[in-house]
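2 protein chains.
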Amino acid sequence: MSIANEAIRVVAEDGQGEPSRESLLEMLRLLFTVSPEQIADEREGEERITALVREFLLTTNINTDIDGGSLAEKFSDSVIPDNPSEVGAYINQLAESVVAHSTHISSPRFVGHMTSALPYFVRTLGKLLIGMNQNLVKVETAKALSPFERQAVAMMHRLIYQQTDDFYAEHIQRHESTLGIHVSGGTLANVSALWCARNNVLRQTDSFRGIDHDGLPAALIAHGFTGAVIIGSTLIHYSFEKAADLLGLGVKGLIKIPVNNLGQIELPALRQTIAECRAQRLCILTIVGNAGTTETGAIDPLAGLAEIATEARTHFHVDAAWGGPLLFSQHYKSKLAGIEMADSVTIDGHKQLYLPMGSGMVLLRNPDTAAVIEKHARYVVRAGSPDLGCRSLEGSRPGTALFLQAALNIIGRRGYEVLIEESLRKARYLADAVRLRDEFELLTEPEMNILTYRYIPARWRKQAADGQLTTADNQAINRINESLQELQLRSGFSFVSRTNLEHTRYGRGVPIVALRVVLANPTTTEEDIDAVLRDQIMLATCYDY
Amino acid sequence: MSIANEAIRVVAEDGQGEPSRESLLEMLRLLFTVSPEQIADEREGEERITALVREFLLTTNINTDIDGGSLAEKFSDSVIPDNPSEVGAYINQLAESVVAHSTHISSPRFVGHMTSALPYFVRTLGKLLIGMNQNLVKVETAKALSPFERQAVAMMHRLIYQQTDDFYAEHIQRHESTLGIHVSGGTLANVSALWCARNNVLRQTDSFRGIDHDGLPAALIAHGFTGAVIIGSTLIHYSFEKAADLLGLGVKGLIKIPVNNLGQIELPALRQTIAECRAQRLCILTIVGNAGTTETGAIDPLAGLAEIATEARTHFHVDAAWGGPLLFSQHYKSKLAGIEMADSVTIDGHKQLYLPMGSGMVLLRNPDTAAVIEKHARYVVRAGSPDLGCRSLEGSRPGTALFLQAALNIIGRRGYEVLIEESLRKARYLADAVRLRDEFELLTEPEMNILTYRYIPARWRKQAADGQLTTADNQAINRINESLQELQLRSGFSFVSRTNLEHTRYGRGVPIVALRVVLANPTTTEEDIDAVLRDQIMLATCYDY
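Residue numbers (the numbering used here), protein chains in the order written: chain A, 88 to 632; chain B, 88 to 632.
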């Protein structure tokens, strides 16, 4: 044990009585100041963490088998300890109570959620991020990272909107322009987009100071509306319910249009709803397109939506939190055709850009869109300043755009192209494997790299193949698939998620419990995919026994 | 150069033409998979980053002298490179363009904002956080970190509310209870608190489905109100303007009550405003207390506010983003007396808890307060589930509560007590130094560890001492202090911020430009404080020449 940690240990043990102020000050000096002792301690801690992380990343099992209740009991003390702990001892404790029982979301066989292994350089750069600890709320605390983040956001803007060199030369670093807002995740990106949309539609007039000043009830009256709505499909992400509530519309203000068997919004139904809104003098704040849906990766007809939004003269938002990176692929980017007509687009960094958790963004076609949410303060983000905090929901926030910039440069467009194409290839591999086996029924074709299917116990296979399953049959099969998913998680060798689908061939009356696989992890092989299915068949044996 | 980086370099250079799919796949394998080559590369990168961070932390200068425009030019390319870059080369580029020009916010002489040096273990734990990359939206992707975060939040709850052991035993891990919401920063914490407050006040009745369902306009009608307001002082943080806009009230719905010379809300004026709101049938969603204000660290009379809020039967929120950690000090916690009566309290982790940027929380006295913002989805956060994403503004988010837990344990309550007491001691030291020198005028006494003062050029010193400054004099002195603050930043040796104060002895008619010092960095010494003043006197010499 190094000198500094020894000193901290002494303070800690001392503390049965009262550690002296001097010993506490010395401990704090060792924690906060760069010194030879601190360097030695930091190295010691890092070696331990590096080993822990490596072991964690090499584990393909998903979980230990400890149940949630027993695990929760380990974390049942609510008292902040009076006395300090030594860093190494605390890391050991973390290793045992937290790391050992954490979910191996980067395992090649954890294919149930939108998680993945990450490129190693984000771990390295994480230290730089925390070491510099810049605060992006204002230039005074992020001199280089502020323009650096603007550049990263502009790169993503260009990927979507493909404006001219002149356009980017003008706006990329112009204080008054906002090509996008970097946030902690897709939900805040969607909320930010809808906030902009609402405030632009219900903006200032000659006789009204704007919704940002006078609020929603007054804005509706001033603009002659009876209410305000957001329109998307039934498969819209639940963050839009948060947004509708937060923005004062209530979830009633989120109108959900039915989808077809492919999970895409029905355009005729959308047109009809728009007409009804007009008739009722409901203000349409925005039309939302999915690219793709969280449940099945379905992509709405974006060009069709864009056309309808233009006709309806309303904001068009695309939630491409998941699917945005299709744009890296020359082959597949046409799946998102029309996205370039969106007024705003959400893309998550911590999904298919393979960045650490805590990175999302909304890109804005028109650099003036965010002007309606601008806020100022006397001590920071003064009017006319280059401070990024003027036009963002968050205040103080980290420079995680460092990860985004690094990944765009190190992986490059071609690297991302290969990543996305490989993911789609693996999804087709799984779809084929499911189709080939009697035990399974493919529920949705993989439009991207998300697949849903279910297990059919032997006694129902004939009826299933003949399309003769009754509602009661489906309900029984549902229960079995629910248990199967839970058993697979508990077994700990592999993991898929589950959802209830209402747009299958069985019709809306019979929601079908589906096993859901997301294939985005570059380390997942065909062998891993086979193993996931094999585990399911094995676990299901009991039902067929 | 290691084998892997060499391979990536080849792919990169190759790319003048077309790197082959095979070489790209190999590059991706090296980036995403744990392997001997990757381990060697990661180590190489880490050594470089460790050296960069150490150099950064040892630099006491604030900035390079490059101007914002020239720096922005370095980040003016908006095209995502087609081809990959080698990690080491990219880090070198970062070192030159970003790290070299970043702000040394952890410097002991950067005392202008709420930034500080951090304890070294957060850099170490950052690697674990990113390595495990858990997603706190749901237990399936954060099996151990979900209950672990609940524990950290409960510890902070107990620090404020001091409930019984039985209370914490019941609620700490109970799925339906929410003792607090961990978010990316204070703004989201304030927004979350106000969202809860709004939805609780305008909740469901026998004949109304609740604001979360039917929206604000309908809620006001159902509850018989003509509008809704938030009430705080004129020194309220600007995040409340974001919140008022976002929640549909408009910033008009944020009523600001005047403050006394100490920057505290005037209670008689508050009572009068409440009466007026009642008379106008305006719904008071919440009364906000500051602890302390961003500009001067002033603390509102919280017990008085609590009493008024109880009488008015409204939600009482305390924004203790900055001042919350006073509670660690046996000596100073009485400054926050009354905070335990707040319905919700915001505390920032990345301020006086010394955690990395991206950590805030709102603590909720009543574990049911957040039930009114609950949202669900079929694929995650199903009703009744233990998933933390049910009752949070954010969706997918990182396990940064790891930093909070670690700091509470490693630093301990006594460690934090010493930190806060040292900060307050240094603020008094600076106040004394300012008072002792003719060149300065102390504008606000340090209630906590934030101090405002200004430079008085020689020709005005007599009038200033005699209280004879005219408005024109003050305007001239304002301009000089503005320039002085900018010059000090540009000189790069030390940094204070500035603000405009309206509650000085000069009265509201004459906003006074103040130099603002925040003393929270444990590495700042009395010598550093002297140097900050000496730099200012030196820079100001030209005005007195």
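Beta carbons: idealized from backbone N, C-alpha and C, even for Gly.
What you are looking at is a predicted structure, and each value in this text was computed from that prediction instead of being measured.
Between the region 168-187 of chain A and the region 216-230 of chain A there are fewer than three C-beta pairs closer than 8 Å, too few to call the two in contact.
DSSP places Met-448(A) within a strand segment (E or B) once states are collapsed to three. The criterion of a C-beta distance shorter than 7 Å is not satisfied by Met-242(A) and Ile-192(B). A residue is called buried once 16 or more other Cβ atoms fall within 10 Å of its Cβ, and Asn-348(B), having fewer, is exposed. Residues of the region 114-130 of chain A with a C-beta atom less than 8 Å from some C-beta of chain B are Met-114, Leu-115, Arg-116, Leu-118, Phe-119, Thr-120, Val-121, Gln-125, Ile-126, Asp-128 and Glu-129, listed in chain order. Distances from the alpha-carbon of Glu-427(B) to those of Leu-246(B), Leu-216(B), Glu-461(B) and Ala-330(B) put Leu-246(B) closest.
The beta carbon of Phe-197(A) lies closer than 8 Å to those of Ile-149, Thr-190, His-191, Ser-581, Phe-582 and Asn-608 in the same chain, with the five residues before and after it left out. Put simply, the CB of Ser-279(B) is far from chain A, with every gap to its CB atoms at 7 Å or more. In the DSSP assignment, Asn-377(B) falls within the unbroken beta strand (DSSP E) covering 369-377.
The closest CA to that of Ile-371(B), considering only Gly-379(B), Ala-378(B) and Ile-361(B), is found on Ile-361(B).
With the criterion set as a beta carbon lying under 7 Å from some beta carbon of chain A, the members of the region 467-493 of chain B are Pro-473, Leu-480, Glu-481, Gly-482, Ser-483, Arg-484, Pro-485 and Ala-493, in sequence order.
The beta carbon of Ile-498(B) falls within 7 Å of a beta carbon belonging to chain A, placing the residue at that interface. If you draw a straight line from the Cα of Gly-579(A) to the Cα of Leu-333(B), it is about 43 Å long. Neighbourhood of Asp-301(A) in chain B, by CB distance below 8 Å: Gly-337 and Lys-339, in chain order. With fewer than 16 other beta carbons inside 10 angstroms of its own, Ser-294(A) counts as exposed. Chain-order list of chain B residues neighbouring Thr-401(A): empty, with the shortest C-beta distance near 18 Å, by a criterion of under 9 Å.
Contact annotation for Ala-229(A) against chain B: Ser-189 and Thr-190 [CB-CB distance below 8 Å, chain order].
With distances taken between CA atoms, His-269(A) lies nearest to Val-449(A) out of Asp-299(A), Lys-161(A), Val-449(A) and Gln-250(A). Nearest CB-CB separation between Thr-380(A) and chain B: not below the 7 Å threshold. Arg-541(B) and Asp-252(B) have their C-alpha atoms some 49 Å from each other.
Look at the beta carbons and you see the region 390-410 of chain A not touching the region 546-555 of chain A: under three pairs across the two are nearer than 8 Å. Neighbours of Trp-282(B) in chain A, taken as residues whose beta carbon is under 7 Å from its own, are Leu-333 in chain order. Interface criterion not met: the Cβ of His-310(A) is under 7 Å from no Cβ in chain B. DSSP, read as helix, strand or coil, puts Ile-434(B) in strand. Residues of the region 338-361 of chain B with a C-beta atom less than 9 Å from some C-beta of chain A are Val-338, Lys-339 and Gly-340, listed in chain order. With distances taken between CA atoms, Met-535(B) lies nearest to Pro-412(B) out of Ile-395(B), Ser-271(B), Pro-412(B) and Ala-182(B).
Within chain B, the residues placing a beta-carbon under 8 Å from that of Leu-495(A) are Ile-167 and Pro-168, ordered along the chain. With respect to chain A, the C-beta atom of Pro-454(B) has no partner C-beta closer than 7 Å.
Residues of the region 502-529 of chain B with a Cβ closer than 7 Å to any Cβ of chain A, in chain order: Gly-502, Val-505 and Leu-506. When Arg-452(B), Asn-377(B) and Gln-439(B) are compared, the shortest CA-CA separation from Arg-500(B) is found for Gln-439(B). A check of alpha carbon separations from Ser-203(B) across Ser-194(A), Met-201(A), Ile-217(A) and Gly-213(A) identifies Ile-217(A) as the nearest. The secondary-structure analysis by DSSP pairs Asn-587(A) across a beta bridge with Val-600(A). For Ser-122(A), the three-state secondary structure derived from DSSP is coil.
For Trp-282(B), the closest C-alpha among the options Ser-431(B), Leu-112(B) and Ala-138(B) is that of Ser-431(B). When Arg-621(B), Ile-567(B), Ser-570(B) and Phe-527(B) are compared, the shortest CA-CA separation from Lys-549(B) is found for Phe-527(B).
In the DSSP assignment, Glu-528(B) forms a beta bridge with Arg-541(B).
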